[in-house]
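Asks:
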Amino acid sequence: MPTRARPPGLDDADHAITELYAAHWTRLVRLAWLLVRDQSIAEDAVQDAFVATHRRWESIRDSGRVVAYLQTAVVNRCRSLQRHAVVVDRQNRADAAAADAPGRTSHVSAETMVLASDERRTVLDALERLPQRQREVVVLRYYEDLSEAQIARALDISPGSVKAHAHRALTTLRATMEQQ
Amino acid sequence: MNTDDRNDGHRPEDETVVIGAGLQHVEETVRAQLHREAAAIRPQDRLDAILAEAHGAQLSDADADAGASGRHRWLLPVAAAAVAAAVASGIWVANRPAQTPPPAASPVSPTQQSSTSSPTASTTPESTSSSPADTGNSAALCAKPTSGVSLCNDTQARWVLPLPVYYVGPRTDGSTSLVLFREFGLIDVATRDDAADKATAALAEAVAGGPAGAAYRPMWKGVEVDKVTVTAAEIDVTLSTGAKGLSASEGQIAVDQLVWTAQAAVGKGNLPVRFTLADGGATLAGDARTDHAYTRPTDEMAVWAILSPVWIDAPSRGESLPAGKVTVTGIASTNEANVQWAITKGGTTVASGHTTADVSAPSRGEYSFTTTALPAGDYVVKVF
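Protein chains in written order, with the working numbering: chain W, 3 to 182; chain A, 867 to 1250.
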């Protein structure tokens, strides 16, 4: 890799992070968003992952698994941010504000709300209700297109667990789709 | 440099997840939906912030490892104060009735001012997951936190949702005219989708009178929300007792406060709200009695008379955001739709400006403005 020829140090890490950013920032933020459903929190999670990668750049580079490291760091960070409830659910806020507009008449707004919630009851909403592990497996499998073994390594669980989580998740999602 | 090593992990045994044929269409739908929804997300540029933070961390690794030198977010509201301790410093926001008179030039003279809460952020380190090895585990992850704050849905942990709650305060500082202010507080609810649970939680906040440090007027001292039932036709609210010592006009706005809060939390428009008092009383507040249901007016002028002419929807009181530009959004009903704003830090104005809402009074319009880049710190947003 060209970066190998560069002198080690901050410049090397800066250069690598800049390239990684150009190649993966958008996709990783979207991955994080699928996990936390909040763009600001998603960006925070991926920013943290990039910073961690920068700080440990030399050992990560030498491992040759840079993007896998980033991916795992993003998933872990999303879980951590959710755990710490830094999430201010802006979508909920927007929905609540929309539903709270003064001057509505009861019939129209009640109908509007039912329609709106039906339209939003997408696969994504069902995904959000899955247990965390199942959601992570589904997003890594169907958004990141990782293999079962890659997911197992990323989440530090057994391949058998990946299969089980995926199967349970898809069964739940199928039930949701069939209800519609 | 080839930065895409996603296939590095492929080995012969790396088969894809094999799912029964009956689920194949589900897989296809999920894959398509995930890509479609995610494609709508347009991330903001943060490369500079990443490099700056990385170098900041390298200058002082000890601090970075303690998690104390990370980015700065708006501090979370009181409800999540224990969690907000993870943030070393941030930008504080709060909104409440004005302490100072509004500009004399504004005939409508709406004022909404925020106040600084004293930052209580401790240096308690947040455990950073800077290492992918830190995968945690579901059991620990979903343990019910002491603060009651959790968005984990694997367990019985409760939810914290931003719910609109109405509080009572003077229309302008010193005014005897009481109006409703809406705030989005982060509120602990038992379930995220149950309208009655959300209404119960929001009403409990409303009767409590207002967040700590806010200058709202508590109208329901000593009153508790016993039960809320939501049917297709109405919202039934059982209070422990009626409000005491309120005049007719105070009683009216007190009832409005609970009606607007309940309807907002339920989110199904103007479902009539019927009150029952557990102590058997029939006097709800002031002259208002429990013998009929209440609802919001739909007439613009009537709404104008009840609500504060301006309020802030985001950021929430005490919320923390990344340092940098801050976008403030809210609702205003002002003369010619004018909205003035100021950001203060330690009493000094650090940014100010004006914008317009999309409609003017008596209609209520949305406004939005973005500040210049603000360094990390505790700030107060004023909109008037």
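Yeah, the Cβ is synthetic: ideal placement off N, Cα and C, and Gly gets one too.
Alpha carbons only, please: which of A:T1097, A:M1085, A:I1101 is nearest the one belonging to A1109 (chain A)?
Replies: Of the candidates A:T1097, A:M1085, A:I1101, the one whose C-alpha sits nearest the C-alpha of A1109 (chain A) is A:M1085.
Asks: Return helix, strand or coil for R131 (chain W), following the three-state DSSP convention.
Replies: If DSSP states are grouped into helix, strand and coil, R131 (chain W) belongs with the helices.
Asks: Chain W partners of A915 (chain A), CB-CB under 7 angstroms?
Replies: Under the 7 angstroms cutoff, chain W gives Q49.
Asks: In the DSSP output, what is S1218 (chain A) paired with across the bridge?
Replies: According to DSSP, which records beta bridges pairwise, S1218 (chain A) is partnered with A:A1208.
Asks: Check whether the Cβ atoms of E1049 (chain A) and A1070 (chain A) lie closer than 9 angstroms to each other.
Replies: No, the Cβ-Cβ distance between E1049 (chain A) and A1070 (chain A) is not below 9 angstroms.
Asks: On the CB-based measure, 16 or more other CB atoms within 10 Å of its CB, does E60 (chain W) come out buried or exposed?
Replies: So E60 (chain W) counts as exposed.
Asks: How would you write the range of the alpha helix (DSSP H) that R155 (chain W) sits in, first residue to last?
Replies: Run containing R155 (chain W): 150 to 157, per the alpha helix (DSSP H) assignment.
Asks: To test your reading of the DSSP string, which unbroken alpha helix (DSSP H) runs of 4 or more residues are found completely within the region 1059 to 1097 of chain A?
Replies: Here the runs fully enclosed are 1061 to 1074.
Asks: Which residues of the region 27 to 46 of chain W have a Cβ closer than 8 angstroms to any Cβ of chain A? Give them in chain order.
Replies: Those residues of the region 27 to 46 of chain W that come within reach of chain A (Cβ to Cβ, closer than 8 angstroms) are W27, T28, V31, R32, L33, W35, L36, Q41, S42, A44, E45, D46.
Asks: Between which two residues does the beta strand (DSSP E) carrying D1179 (chain A) extend?
Replies: Element bounds for D1179 (chain A): 1176 to 1180.
Asks: What's the gap between the Cα of V1247 (chain A) and the Cα of T1042 (chain A)?
Replies: One C-alpha to the other measures close to 24 angstroms.
Asks: Given a cut-off of 9 angstroms on the beta-carbon distance, is the pair T1156 (chain A) and F1141 (chain A) in contact?
Replies: Yes.
Asks: Can you name, in chain order, every residue of its own chain whose Cβ lies under 8 angstroms from the Cβ of V125 (chain W), other than the five neighbours on each side?
Replies: So the qualifying residues of the chain are L175, T178, M179.
Asks: According to DSSP, W59 (chain W) sits in a beta bridge with which residue or residues?
Replies: Answer is none; W59 (chain W) lacks a bridge partner.
Asks: Looking at C-alpha atoms only, which residue of W:Q73, W:L37, W:A166, W:D127 is the closest neighbour of A54 (chain W)?
Replies: When each option's Cα is compared against that of A54 (chain W), the closest is W:Q73.
Asks: Mind the definition here: the region 1208 to 1219 of chain A touches the region 1169 to 1187 of chain A only if three or more C-beta pairs lie below 8 angstroms; say whether that holds.
Replies: As far as the Cβ criterion goes, the region 1208 to 1219 of chain A does not touch the region 1169 to 1187 of chain A, which means the pair count is below three.
Asks: Do V1103 (chain A) and A1130 (chain A) have their CB atoms nearer than 9 angstroms?
Replies: In this structure, A1130 (chain A) does not lie closer than 9 angstroms to V1103 (chain A) by Cβ.
Asks: Below 8 angstroms, is the gap between the Cβ of R32 (chain W) and the nearest heavy atom of the ligand ADP?
Replies: With respect to small molecules bound, the structure shown includes none, and the ligand ADP cannot be examined in it.
Asks: For a contact defined as C-beta to C-beta under 7 angstroms, what are the partners of R176 (chain W) on chain A?
Replies: The contacting residues are L889, V892.
Asks: Chain A partners of R170 (chain W), CB-CB under 9 angstroms?
Replies: Simply none; closest approach about 11 angstroms.
Asks: So, for W1207 (chain A): in the same chain, excluding its five sequence neighbours on each side, which residues have a beta-carbon less than 8 angstroms away from its beta-carbon?
Replies: Here the set comprises V1194, S1218, G1219, H1220, T1221, F1235, V1247, K1248, V1249, F1250.
Asks: Let me see if you follow: with CB-CB separation under 9 angstroms, is L1017 (chain A) close to chain W or not?
Replies: Confidence is the limiting factor: at L1017 (chain A) the pLDDT is only 40, short of 50, which leaves the residue's position unreliable, though a coordinate-based value still follows. Yes, its Cβ sits closer than 9 angstroms to a Cβ of chain W.
Asks: So which of A:G1076, A:L1137, A:G1075 has the shortest CA-CA distance to A1099 (chain A)?
Replies: Residue A:L1137 is the option with its Cα nearest to A1099 (chain A).
Asks: Expressed to the nearest angstrom, what Euclidean distance is found between the alpha-carbon atoms of S1113 (chain A) and A1148 (chain A)?
Replies: Computed Cα separation, rounded: 16 angstroms.
Asks: Do V1192 (chain A) and L1240 (chain A) have their C-beta atoms within less than 9 angstroms of each other?
Replies: Contact flag set, yes.
Asks: Could you say which of A:I1172, A:A1171, A:V1096 lies nearest to G1135 (chain A) if we only look at CA atoms?
Replies: Minimum Cα distance to G1135 (chain A) is reached at A:V1096.
Asks: If the cut-off is 8 angstroms on Cβ atoms, which residues from the region 54 to 67 of chain W count as contacting chain A, listed in chain order?
Replies: Result list: A54, H56, R57, R58, G66, R67.
Asks: Within its chain, find whatever has a CB closer than 6 angstroms to the CB of G1076 (chain A); leave out the 5 residues flanking it on each side and keep chain order.
Replies: Taken in chain order, the residues that qualify are Y1033, Y1082.
Asks: Report the rounded CA-to-CA distance for L142 (chain W) versus G66 (chain W), giving the unit in angstroms.
Replies: Rounded to the nearest angstrom, the two C-alpha atoms are 20 angstroms apart.
Asks: Quick one: list the residues of chain W neighbouring I907 (chain A), beta-carbon separation under 7 angstroms, in chain order.
Replies: Within 7 angstroms Cβ-Cβ: V31, R32, W35, Q41.
Asks: D16 (chain W) touches chain A at which residues, Cβ-Cβ below 7 angstroms?
Replies: Correct list: L917.
Asks: How close, in whole Å, do the beta carbons of G1035 (chain A) and L1044 (chain A) come, if the pair is a contact with beta carbons under 8 angstroms?
Replies: That belief holds up - the Cβ atoms of G1035 (chain A) and L1044 (chain A) are roughly 7 angstroms apart, short of 8 angstroms.
Asks: Of all Cβ atoms in chain W, is any one closer than 9 angstroms to the Cβ of Q1118 (chain A)?
Replies: It does not: the Cβ of Q1118 (chain A) has no partner Cβ on chain W nearer than 9 angstroms.
Asks: Tell me whether F1235 (chain A) sits in a helix, a strand or coil according to DSSP, three-state version.
Replies: The answer is strand: DSSP assigns F1235 (chain A) an E or B state.
Asks: Taking the Cβ atom as the reference point for each residue, do S1199 (chain A) and A1223 (chain A) lie within a distance shorter than 9 angstroms?
Replies: Closer than 9 angstroms, so yes.
Asks: Using the rule of at least 16 other Cβ atoms within 10 Å of the residue's Cβ for burial, across every protein chain shown, is D40 (chain W) buried or exposed?
Replies: When all chains shown are included, D40 (chain W) counts as buried.
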